[in-house]
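2 protein chains.
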Amino acid sequence: MAAVSPAADPPAYPSTDRTVPTRARERASYDRELVHAVLDEGYVCHLGFVRDGAPVVLPTLYARSGERLYVHGSTGSRPLRGAGAGEGLPVCLTVTHVDGLVLAKSAFHHSVNYRSVVVHGIAYQVTDPEERARALDAIVEQAVPGRSADSRRANAKELAKTAVVRLDLREVSAKARTGGPNDEPEDLALPHWSGVVPVTRAYGDPVPADDLDPSVPLPDYLPRPRP
Amino acid sequence: MAAVSPAADPPAYPSTDRTVPTRARERASYDRELVHAVLDEGYVCHLGFVRDGAPVVLPTLYARSGERLYVHGSTGSRPLRGAGAGEGLPVCLTVTHVDGLVLAKSAFHHSVNYRSVVVHGIAYQVTDPEERARALDAIVEQAVPGRSADSRRANAKELAKTAVVRLDLREVSAKARTGGPNDEPEDLALPHWSGVVPVTRAYGDPVPADDLDPSVPLPDYLPRPRP
Numbered sequence: 001m002a003a004v005s006p007a008a009d010p011p012a013y014p015s016t017d018r019t020v021p022t023r024a025r026e027r028a029s030y031d032r033e034l035v036h037a038v039l040d041e042g043y044v045c046h047l048g049f050v051r052d053g054a055p056v057v058l059p060t061l062y063a064r065s066g067e068r069l070y071v072h073g074s075t076g077s078r079p080l081r082g083a084g085a086g087e088g089l090p091v092c093l094t095v096t097h098v099d100g101l102v103l104a105k106s107a108f109h110h111s112v113n114y115r116s117v118v119v120h121g122i123a124y125q126v127t128d129p130e131e132r133a134r135a136l137d138a139i140v141e142q143a144v145p146g147r148s149a150d151s152r153r154a155n156a157k158e159l160a161k162t163a164v165v166r167l168d169l170r171e172v173s174a175k176a177r178t179g180g181p182n183d184e185p186e187d188l189a190l191p192h193w194s195g196v197v198p199v200t201r202a203y204g205d206p207v208p209a210d211d212l213d214p215s216v217p218l219p220d221y222l223p224r225p226r227p
Numbered sequence: 001m002a003a004v005s006p007a008a009d010p011p012a013y014p015s016t017d018r019t020v021p022t023r024a025r026e027r028a029s030y031d032r033e034l035v036h037a038v039l040d041e042g043y044v045c046h047l048g049f050v051r052d053g054a055p056v057v058l059p060t061l062y063a064r065s066g067e068r069l070y071v072h073g074s075t076g077s078r079p080l081r082g083a084g085a086g087e088g089l090p091v092c093l094t095v096t097h098v099d100g101l102v103l104a105k106s107a108f109h110h111s112v113n114y115r116s117v118v119v120h121g122i123a124y125q126v127t128d129p130e131e132r133a134r135a136l137d138a139i140v141e142q143a144v145p146g147r148s149a150d151s152r153r154a155n156a157k158e159l160a161k162t163a164v165v166r167l168d169l170r171e172v173s174a175k176a177r178t179g180g181p182n183d184e185p186e187d188l189a190l191p192h193w194s195g196v197v198p199v200t201r202a203y204g205d206p207v208p209a210d211d212l213d214p215s216v217p218l219p220d221y222l223p224r225p226r227p
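As they're listed, the protein sequences go chains A and B. Under this note's numbering, the residues of the first sequence are numbered 1 to 227, in order. Under this note's numbering, the residues of the second sequence are numbered 1 to 227, in order.
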């Protein structure tokens, strides 16, 4: 008897009115793997919500766990209070990686190589204590893989002070620009340099806390200090 | 007769209901120099606006010119079309720099060192051709200082395809976290490493365009290739 496979997630998110861009549509993608990869490479998102009819955009930490994103904050913070009000809070969560500065012969064709993911949806507070504890672990892991098992987990008092909201990956798109400049043929003889300056995120040598016992070794999951 | 000085901008932006955070108020600042410094170090912002009652957050290039920010895009893009509709478009423009991962003994006190600026206001399309041309130069300069004079300026046809919106720096706040972890005294004896992993933006060796004449030298304003 053949094994029954669980229903797999379709390879792409459905596109909707608001996930189809009005411009540069060729840069948009709904590919699940690409979306996951972009989300997994980051740990800071920009979370947008509406307050008194006006937009608010705040940077915050997030984590992806399967098809769900988690964002955490103080129980007193505005978006998290909003998400706790039963109906949830309409949000837009955006993650962006800048990969390069694109220098063209013409000012007009200057650009940036980037990968971004935009998630639309309703954020809800996570009330289940188990899921909240797992989400907090995931947020630590997202920024520093390996760290959540190597720190003291939140106690009941700390958990009570921390709100976690969830946002499911349903209405999602990725957008990316890669490659060199797209100059006009008639500009190619101009004397200006053209090409791409790669941009990356770099980590410096870890700086121990002032109150750290110097005999505690640097864990393997952190970058080694440069010689 | 003493020279009359022009009225100087006050050293701080006035705080308003929406620029006073509900939490971590000690991290908020309205200092004009700090706000300018954070804005000047970046070139990609996250622009939030409201569409059909829901928030939208998109990454985009920006430039600061005095007390005004410029954002550009295709004349067909949603926020820029909205800003052209006479009354302007309520936006929130946020710029964030991540400076470090803060690892505490307890999961709860994990954090990120960062500097961010949040600007609230109404974005208007720039209709004056002179100001639009200056704004486009500024956007190129913001990402690559020295570049706008070393590229072909936009011609009339390109200018017609490019929309620029302006957003004045009036309702603005900066927020920053610096320093090491703030652990609970009773956690200090735990065996976990604690401290900060610095995060920086790095530039790689410039990659010439495929169609660049190899005799064109790398300009001085770009990073030198590493030996």
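The beta-carbon is built from N, C-alpha and C at its ideal position, and this holds for glycine as well.
- Contact of residue 114/A with chain B by beta-carbon distance below 8 Å involves 44 and 59.
- Secondary structure note for residue 36/B: its alpha helix (DSSP H) is the uninterrupted segment 32-41.
- Residues of the segment 106-130 of chain B with a Cβ closer than 8 Å to any Cβ of chain A, in chain order: 106, 107, 108, 110, 112, 114, 116, 118 and 120.
- Beta-carbon to beta-carbon, residue 169/A and residue 67/A are separated by about 5 Å, close enough to satisfy the 8 Å threshold.
- Per DSSP, the continuous beta strand (DSSP E) segment holding residue 171/B begins and ends at 171-177.
- The shortest C-alpha to C-alpha distance from residue 178/B to any of 160/B, 222/B, 27/B and 188/B is the one to 27/B.
- Per DSSP, the unbroken beta strand (DSSP E) holding residue 61/B starts and ends at 54-65.
- By the Cβ-count criterion, residue 221/B is exposed, with fewer than 16 other Cβ atoms from all chains shown falling within 10 Å of its own Cβ.
- Membership of residue 189/B in any alpha helix (DSSP H) is not indicated, and neither H nor E is assigned to it by DSSP.
- Assigned with DSSP and collapsed to three states, residue 137/B falls in helix.
- The beta carbon of residue 225/B sits closer than 6 Å to the beta carbons of 205 from its chain, once the five residues preceding and following it are set aside; these are given in chain order.
- Judged by DSSP secondary structure, residue 160/B falls within the alpha helix (DSSP H) whose first and last residues are 156-161.
- The count of Cβ pairs closer than 8 Å, one atom from the segment 195-210 of chain A and one from the segment 194-202 of chain B, reaches three, so the stretches are in contact.
- Nearest CB-CB separation between residue 166/B and chain A: not below the 8 Å threshold.
- Proximity of the segment 40-60 of chain B to the segment 50-66 of chain A meets the contact definition, three or more beta-carbon pairs being nearer than 8 Å.
- The beta-carbon of residue 201/B is placed less than 8 Å from the nearest beta-carbon of chain A.
- Linking residue 34/B to residue 18/A through their CA atoms gives a straight-line distance of about 36 Å.
- Look at residue 198/A here: in three-state DSSP terms it is strand.
- Between residue 174/B and chain A, the shortest Cβ-Cβ separation is not below 8 Å.
- Residue pairing from DSSP leaves residue 108/A without any beta-bridge partner.
- Residue contact check for residue 217/A against chain B: a CB pair falls below 8 Å.
- Shortest Cα-Cα distance from residue 192/B to any of 151/A, 91/A and 59/A involves 151/A.
- With a cut-off of 8 Å on Cβ pairs, the segment 90-98 of chain A is in contact with the segment 112-124 of chain A, counting three or more such pairs.
- Around the beta-carbon of residue 171/A, 16 or more other beta-carbon atoms lie within 10 Å, marking it buried.
- Interface residue (Cβ-Cβ distance to chain B less than 8 Å): residue 160/A is not classified as such.
- In terms of beta-carbon proximity, residue 29/B stays away from the interface with chain A, with every pair separated by 8 Å or more.
- Classified as buried, residue 64/A has 16 or more neighbouring CB atoms from the shown chains inside 10 Å of its CB.
- The beta carbon of residue 65/A sits no closer than 8 Å to any beta carbon of chain B.
- Rounded to the nearest whole angstrom, the CA to CA distance from residue 32/A to residue 211/A is 44 Å.
- By the rule that beta-carbons nearer than 8 Å mark a contact, residue 153/B touches chain A.
- In the three-state reduction of the DSSP assignment, residue 29/A falls in the strand class, which pools E and B.
- Taking the beta carbon of residue 103/B as reference, the chain A residues within 7 Å of it are 144 and 147, listed in sequence order.
- Within its own chain, the residues whose Cβ lies closer than 6 Å to the Cβ of residue 69/B, once the five positions on either side in sequence are excluded, are 62 and 167, listed in chain order.
- For residue 210/B, the C-beta contacts it makes with chain A under 7 Å involve 180, in order along the chain.
- The segment 98-110 of chain B makes contact with the segment 181-190 of chain B: 3 or more CB pairs, one atom from each, lie closer than 8 Å.
- Across the structure, residue 162/B and residue 180/A are spaced so that their CA atoms are roughly 21 Å apart.
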